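Here the working numbering is used: position 13 in the sequence shown is 62, and no number is missing along the way. Glycine is no exception: its CB is placed at the ideal position from the N, C-alpha and C atoms. Only a predicted model underlies this, so the values are computations on that prediction, with no experimental measurement involved.
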Amino acid sequence: MLRPLLAAVLALCATPASAEVVARTADSFTLRYAEAADIEPDEIPGALRGLSRWWEPAHTYTGSAANLSLDLTPGGCWCEKFPDGTDFDHARTVSAGPDRFVFEAPFGPLRGKTTSARLTVSWQATNDVWTPIWTMAVEGPGIGAMADTVDSVMSNAYQRWLYFLENAASPPT
């Protein structure tokens with residue numbers, strides 16, 4: 050029993066093949082996460098919609114990932130429901146294509162500080178091995194100073210999502 054738990058913890062802590070701040074200026078930054086995975090591309094939409102099962106609860110306003118939902122249709126909301134019944138709009142689906150989803154995503158502390166915050170979730174195959182890719186491009190006055198903080202949250206989110214995608218189970222806490 051200890052061996053599967055240890056393997057799960059190590060999988061979450063492993064450094065991905067590519068997770069980094071790929072560009073940064075005073076007024077912008079771009080993050081990219083990519084890791085080959087044992088997946089089929091048709092599993093990706095369902096894994097994204099399973100947001101409440103993989104998002105880190107500490108990175109919500111309500112403290113509970115169960116309050117999160119994601120509508121992948123264009124115009125759909127990446128929302129968090131508050132106890133009073135109101136929804137907080139974290140992001141909006143801009144487009145949904147056969148090999149990518151694009152979100153206008155001024156998550157959490159980025160709200161009101163960006164002129165643009167786009168998260169693109171895409172996937173590509175090399176020799177029948179699929180690589181899910183998250184690319185987040187953020188622009189706004191002075192926003193480059195937030196790159197490392199946002200990278201920390203988004204890297205955690207990518208790793209938790211990848212675990213969920215590969216294992217069809219919530220990541221261990």
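The three-state reading of DSSP puts residue 124 in coil, since its state is none of H, G, I, E or B.
When rounded, the separation of the alpha-carbon atoms in residue 141 and residue 131 is 18 angstroms. Inside the stretch 68-148, DSSP marks whole beta strand (DSSP E) runs of 3 or more residues at positions 77-83, 117-119, 126-130 and 136-146, from first to last along the chain. Taking the C-beta atoms as reference points, residue 162 is found nearer than 7 angstroms to residue 189.
Under the 10 Å beta carbon count, residue 207 is surrounded by 16 or more other beta carbons and is classified as buried. Following the DSSP letters along the chain, one finds residue 209 in no beta strand (DSSP E) but inside the alpha helix (DSSP H) bounded by residues 196-216.
The three-state secondary structure of residue 158, taken from DSSP, is helix. By the C-beta criterion, the stretch 195-215 is judged to be in contact with the stretch 98-112, since at least 3 inter-stretch pairs fall below 8 angstroms.
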